[in-house]
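Asks: Here it is, the structure in full.
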Amino acid sequence: AGRLRVGVFGDSMGDGLYTALYRDLRGASGVTVTKFSEVSTGLSRYDYVDIQAKTERQLREEPVDVAVVLFGTNDAQGISLDGTVHDFGTPGWRVAYAKRVTDLVTLLRANDVAVYWVGLPRMKRASFDEKMNLINSVVEERMRALNVPYLPTVAVTSNSEGDYEAYLPAGDSDRPTLMRANDGIHMSMAGYLRIAAPVAERLKRDAGIGAAQAATLAPAA
């Protein structure tokens, strides 16, 4: 069997997604899952940690075949681009953020890495949820334009009314399970496993791992 090296890139949310994906994929033959994510990082403040430069270095040190990316929880702040600071949510900010996203995808692809971008989940505080929705919309538009698989998580982290709910039904029993951390932003382990499951399925399907089993779950798009 061939090898599939999966890298998870992102912030603290990426850390949680890594742990869940590692658990999901560790039984698959030839698959390795490596954590490249770092807490408190993002695509807005490259004066703090330059993710573009960091990712370039990481790929040089440890090449991967697939990148699963989850950024955004720290990104609702101004971006400095070409000497101008664009306040969050302004048209200039959207352009600047879209450029950061595009540059990262371009870098990954230049290193023969297949990219999968995971969207941000539903958030508890309405004002923060709105900001994350704005980031999701910029990212989703870029992924469509770049032909990169975008895996949204808002629906799977919302209740039947489409609202935030810390406890959501899980497993065969549909028993309410705590999916979120106390901050209303991050997930519990059960929550990370919930958002990782569709990602793991998609990766297995695209890589032809357990193809017969995966095909029954999701027909090829």
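Convert by adding 547 to the 1-based position in the sequence shown; the result is the number in this note's numbering. Idealized CB from N, CA, C, for every residue including glycine. Being a predicted model, the structure only gives us computed values, none of them experimental.
Compute the beta-carbon to beta-carbon distance between VAL611 and GLY554, rounded to the nearest angstrom, for a pair I have assumed lies under 8 Å.
Replies: 4 Å
Asks: Is the CB-CB distance between ALA743 and ASP558 below 7 Å?
Replies: no
Asks: Specify the secondary structure class of MET734 as computed by DSSP and reduced to three states.
Replies: Correct three-state label for MET734: strand.
Asks: Tell me, to the nearest whole angstrom, how far the beta carbon of ILE756 is from that of VAL578; I am working on the premise that it is less than 8 Å.
Replies: 7 Å
Asks: Could you give the DSSP three-state label for PRO745: helix, strand or coil?
Replies: helix
Asks: How would you write the range of the alpha helix (DSSP H) that SER674 sits in, first residue to last?
Replies: SER674: member of the alpha helix (DSSP H) spanning 673 to 693, first to last residue.
Asks: How big is the Cα-Cα spacing for ALA661 and ASP721?
Replies: For ALA661 and ASP721, the distance between alpha carbons rounds to 34 Å.
Asks: With DSSP as the reference, identify every bridge partner of THR631, one or two as the case may be.
Replies: LEU628
Asks: Mind checking who VAL614 pairs with in its DSSP beta bridge?
Replies: Looking at the sequence provided, one finds Ala at residue 614 rather than Val. ALA614 pairs with GLY554 and VAL662.
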